[in-house]
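Q: Numbering (numbering that gives the first Met the number 0), first residue to last: 0 to 717.
The structure is given below, and queries will be raised subsequently.
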Amino acid sequence: MRLRIVPLFITACIPMAALPLRAQSSLTTNPSIFVSMTESNPLLAPSSLPLLAPEFGKVKDEHFAPAFEKGIKEQLEQVQVIADNKEPPSFENTLVALEKTGETLRRVQAIFFNLSSSHTNDKIQEIEQDIAPKLAAHSDNILLNKKLFARVESLWVKRAEFIDWNEEQQRLLKEYYESFVRAGAKLNDAEQAKIREINERLSTLTTQFQNNLLALTKERSVLIDDIKRLDGMSAAEIAAAAEGATAKGSRGKYLLTITNTTRQPVLTSLKNRETRKQVWEASANRGLGEKAGLDNRPLVLELAKLRAQRAQILGYASHAAYTLENQMAANPTAAFKMLQDLVPGVLAKAKVEAGEIQSAMQKDGINDAVQPWDWEYYAEKVRAEKYQVDENLIKPYFELNNVLTNGVFYTFEKLYGVSFRERKDLPVYHPTVRVFDVVGNDGKQIGLFYADYYQRDSKRGGAWMDAFVNQSRLLNQMPVVVNVMNIPQPAEGEPTLLSLDHVMTMFHELGHGVHGLFSSVEYPTLSGTSVPRDYVEFPSTFHEDWAIHPEVLANYAKHYKTNESLPRELLQKSIVASKFNKGYETLEYLSAALLDLGWHSIGADAKIESVEEFEKKLLKQYGVDYAPVPPRYKSAYFAHVWAGGYSAGYYAYLWSEVLAADAFSYMRDRGGLTPENGKLFRDTILSRGGTREVMKQYVDYPGKEPGVDSLLERRGLK
Numbered sequence: 000m001r002l003r004i005v006p007l008f009i010t011a012c013i014p015m016a017a018l019p020l021r022a023q024s025s026l027t028t029n030p031s032i033f034v035s036m037t038e039s040n041p042l043l044a045p046s047s048l049p050l051l052a053p054e055f056g057k058v059k060d061e062h063f064a065p066a067f068e069k070g071i072k073e074q075l076e077q078v079q080v081i082a083d084n085k086e087p088p089s090f091e092n093t094l095v096a097l098e099k100t101g102e103t104l105r106r107v108q109a110i111f112f113n114l115s116s117s118h119t120n121d122k123i124q125e126i127e128q129d130i131a132p133k134l135a136a137h138s139d140n141i142l143l144n145k146k147l148f149a150r151v152e153s154l155w156v157k158r159a160e161f162i163d164w165n166e167e168q169q170r171l172l173k174e175y176y177e178s179f180v181r182a183g184a185k186l187n188d189a190e191q192a193k194i195r196e197i198n199e200r201l202s203t204l205t206t207q208f209q210n211n212l213l214a215l216t217k218e219r220s221v222l223i224d225d226i227k228r229l230d231g232m233s234a235a236e237i238a239a240a241a242e243g244a245t246a247k248g249s250r251g252k253y254l255l256t257i258t259n260t261t262r263q264p265v266l267t268s269l270k271n272r273e274t275r276k277q278v279w280e281a282s283a284n285r286g287l288g289e290k291a292g293l294d295n296r297p298l299v300l301e302l303a304k305l306r307a308q309r310a311q312i313l314g315y316a317s318h319a320a321y322t323l324e325n326q327m328a329a330n331p332t333a334a335f336k337m338l339q340d341l342v343p344g345v346l347a348k349a350k351v352e353a354g355e356i357q358s359a360m361q362k363d364g365i366n367d368a369v370q371p372w373d374w375e376y377y378a379e380k381v382r383a384e385k386y387q388v389d390e391n392l393i394k395p396y397f398e399l400n401n402v403l404t405n406g407v408f409y410t411f412e413k414l415y416g417v418s419f420r421e422r423k424d425l426p427v428y429h430p431t432v433r434v435f436d437v438v439g440n441d442g443k444q445i446g447l448f449y450a451d452y453y454q455r456d457s458k459r460g461g462a463w464m465d466a467f468v469n470q471s472r473l474l475n476q477m478p479v480v481v482n483v484m485n486i487p488q489p490a491e492g493e494p495t496l497l498s499l500d501h502v503m504t505m506f507h508e509l510g511h512g513v514h515g516l517f518s519s520v521e522y523p524t525l526s527g528t529s530v531p532r533d534y535v536e537f538p539s540t541f542h543e544d545w546a547i548h549p550e551v552l553a554n555y556a557k558h559y560k561t562n563e564s565l566p567r568e569l570l571q572k573s574i575v576a577s578k579f580n581k582g583y584e585t586l587e588y589l590s591a592a593l594l595d596l597g598w599h600s601i602g603a604d605a606k607i608e609s610v611e612e613f614e615k616k617l618l619k620q621y622g623v624d625y626a627p628v629p630p631r632y633k634s635a636y637f638a639h640v641w642a643g644g645y646s647a648g649y650y651a652y653l654w655s656e657v658l659a660a661d662a663f664s665y666m667r668d669r670g671g672l673t674p675e676n677g678k679l680f681r682d683t684i685l686s687r688g689g690t691r692e693v694m695k696q697y698v699d700y701p702g703k704e705p706g707v708d709s710l711l712e713r714r715g716l717k
């Protein structure tokens, strides 16, 4: 399963326009500096570029602190005017008015937090650490404003009377009311003070966790002295490792970098078992105190405890109960059941795969038990022998630009009638970032798409979609979105050849992208990907399967040297082989999802002293403690749940995959890659944002609720 991070813009379902895009926080700045910056700071006025695209050529690190200060002050003043309004509350003077607040702060955050994830530096990290608790306090200052909540609550109480309100207006009211209540608007003063204290501390801890993880990813890179230990890697991969080592001041050596997951891509090709073990251990032991100041265990324990305490104050049994209340799953019991129901079959499948891997190891003279660092290398050997497919034989047919242009863009053009036209005139935040106009078949521009695909030290791990500008008719804004990945950059002059996993990730992320680009809503709070966490991965996962659709593959799978098409026999074998190893992939995911739910189901009084012991006990409790297949993420580097927006929500990928597999099966049965099919999916799913309850929204597409058969087929588990 290809899992990625899509950053959480808000906490506790805070409406996106009314409140900060990320409930994180704010800065102490020198007043004289603030005054001098206000006139020249490009962040303090709307961009002059098309569609309000960020003015990266003008924005400097020193602009962010004063812009945050101005944005926070400006929005608080705007909100207080609404709260003090003597007129009876109405949709226009309360909800619409709130939607229009915070223009400066939205603009600053959209740029800053993209950079803090995609191209950070010491100064940005310093600002982020400082701003985080202040933005959390800012959110609380709005959501715990008694007069403001009274206005929203009065509309909620009378909602049955507003029969002339359309569905989107009703949804907006619901979002605001629930956001205030879930933030603690109904609590007494003492309870609200405690919530404020917890929120500020949580924002500091999550920022520290993410910054630690970025530092750990650099620090845990494996430096190899002897090229013989890299046997199995391609010449291009070895050259890139040599360049990486040279860039770090170790000329003549080879640097193997660590990505965000427990397993590492290079493990599929390294023949040397000791090298594999070294790489795996560097990955799996991250955050366990191997370097002063980079021990994430105390952060994990405090984050889990504080989230549980906050949930208790708000009246919930656990953070998981609080989080899942407004998700499709509705409660932790449903999420646990979905995951646990899969464990027996998936574990059995993984053990069958382990038997095949053990046999392959014995052929190499290794009679030891299968270890985690053995699995991927020998899985590829089994795949090659069983299906006559070697990933290294396929990669030359997946050159990055060809995949993007003739694969990803081709698919979206065929389905949705849009074209992607590269432009060179807009500034970018890194030289490898590309920008595209997204244009409809009527010739009108729909939005802007930024593509940032290459790995670098200044970027956190994973892949995600973000937005610089969210679509809104109320604010007269068109979408500006970005896809970010971590594809290793080849040595200079070499082509970028992708694994099938990276190919499918590109389709996945632009699936998120069009969820933002095709948004057609009035109010920014409900725009684009502003849907429940266990629904947001559905449109993106749905688009993955086009990567191996015969018509699409025939258009982009061309050898980068000869332009020959991927041979049909190799193609068929690769599609069949893509179903192999799904027991392993599903089990590592289930383990991580159960780990997440376990951490966030503890009570406020739980006494946990050891991260490792809690993790070990929990995996055993749920029957997923299978040593050769560790969790996809271990607790100390589980960025999704400690620093990202997936706390108690990592199960969402599988939940959403049920919807995606069912919807793709329905489209396939209707004729597949046709404009008619694309229009239906765009009209019922991609354009709706959060304007309709999501199960109703889903049913609008195939006309029925989803079943699990298509998921089992998709994963080769049926």
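We treat Cβ as the ideally placed atom computed from N, Cα and C, and that holds for glycine.
Leaving aside the five residues before and after D699 along the sequence, list all residues of the same chain whose C-beta is less than 7 Å from its C-beta, in chain order.
A: T683
Q: Would you decide whether A638 is buried or exposed? Buried here means 16 or more other CB atoms lie within 10 Å of its CB.
A: buried
Q: Suppose contacts are defined by Cβ-Cβ distances below 7 Å. Is M503 in contact with A546 by that definition?
A: yes
Q: In or out: G602 buried (at least 16 other Cβ within 10 Å) or exposed?
A: exposed
Q: I'd like the list of long-range same chain contacts for K385, defined as Cβ closer than 6 Å, with 5 residues on each side in sequence excluded.
A: none
Q: Taking the alpha-carbon of A131 as reference, which of H507, I71, Y453 and E76 has the nearest alpha-carbon?
A: I71
Q: Rounded to whole angstroms, what is the Cα-Cα separation between V34 and K99?
A: Any answer about V34 is weak, because its pLDDT of 37 lies below 50 and its placement is not dependable; what the coordinates show is given next. Distance between the alpha carbons of V34 and K99: 25 Å.
Q: Taking DSSP as the reference, what is the three-state secondary structure of Y588?
A: If DSSP states are grouped into helix, strand and coil, Y588 belongs with the helices.
Q: Can you find at least 3 beta carbon pairs, one from the segment 487-495 and one from the segment 506-519, that sit closer than 8 Å?
A: No, the segment 487-495 is not in contact with the segment 506-519.
Q: Per DSSP, K433 forms a beta bridge with which residues?
A: For the record, residue 433 in the displayed sequence is Arg; it is not Lys. Beta-bridge pairing links R433 to A450.
Q: From G331 to P531, what does the alpha carbon distance come to, in whole angstroms?
A: The sequence as given places Pro at residue 331; Gly does not occur at that position. About 15 Å.
Q: Checking 7 Å against the spacing of the C-beta atoms, do T690 and E167 come in under that value?
A: yes
Q: Alpha carbon to alpha carbon, how far is F179 from S89?
A: 17 Å
Q: Would you decide whether K362 is buried or exposed? Buried here means 16 or more other CB atoms lie within 10 Å of its CB.
A: exposed
Q: Looking at the unbroken alpha helix (DSSP H) that takes in S178, where does it start and where does it end?
A: E166 to A182
Q: With DSSP collapsed to three states, give me the class of S471.
A: strand
Q: Considering only the beta carbon of each residue, do L516 and G406 sit closer than 7 Å?
A: no
Q: Less than 7 Å between the beta carbons of A635 and N295, yes or no?
A: yes
Q: Going by beta-carbon coordinates alone, are P629 and T256 separated by less than 7 Å?
A: no
Q: So does the segment 345-365 actually touch the segment 378-392, counting three or more Cβ pairs closer than 8 Å?
A: A contact between stretches requires three or more CB pairs, one per stretch, nearer than 8 Å, and the segment 345-365 meets this requirement with the segment 378-392.
Q: Can you give me the C-alpha to C-alpha distance between K145 and H137, rounded to a whole angstrom?
A: Near 14 Å, if we compare the C-alpha coordinates of H137 and K145.
Q: According to DSSP, which residues form a beta bridge with K557?
A: S564
Q: Taking buried to mean at least 16 other C-beta atoms within 10 Å of its own C-beta, is L189 buried or exposed?
A: The residue asked about is misnamed: residue 189 is Ala in this sequence, not Leu. By the neighbour-count rule (16 or more Cβ atoms within 10 Å), A189 is not buried but exposed.
Q: Excluding sequence positions up to five away, which residues of its chain have a Cβ less than 8 Å from the Cβ of P6?
A: Its pLDDT being 30, under 50, P6 is placed unreliably by the model, and nothing is read from it.
Q: For L287, which residues from the same chain have a beta carbon less than 6 Å from its beta carbon, with the 5 sequence-adjacent residues on both sides left out?
A: A635
Q: What does a CB cutoff of less than 8 Å around Q488 pick up in its chain, not counting 5 residues either side in sequence?
A: Sequence-distant Cβ neighbours of Q488 in its own chain, meaning closer than 8 Å and more than five residues away, are A239, T431, Y453, Q454, R455 and T495.
Q: Would S609 be called buried (16 or more neighbouring beta carbons within 10 Å of its own) or exposed?
A: Exposed, since its Cβ has fewer than 16 Cβ neighbours within 10 Å.
Q: Between the alpha carbons of Y175 and S646, how many angstroms are there, rounded?
A: 21 Å
Q: Just how far apart, CA to CA, sit L716 and M477?
A: 42 Å
Q: Whole angstroms is fine: what's the gap from F63's alpha carbon to Y588's?
A: 37 Å
Q: Check M360 in the structure and name its three-state DSSP category.
A: helix
Q: Determine the contact status of S519 and S686, defining contact as a CB-CB distance below 7 Å.
A: yes
Q: For G439, write down the residues that DSSP places opposite it in a beta bridge.
A: V417
Q: So the candidates are G648, Y650 and V80; which of them puts its Cα closest to the Cα of L147?
A: V80
Q: Are the beta-carbon atoms belonging to P523 and N440 less than 7 Å from one another?
A: no
Q: So, helix, strand or coil for M505, using DSSP?
A: Correct three-state label for M505: helix.
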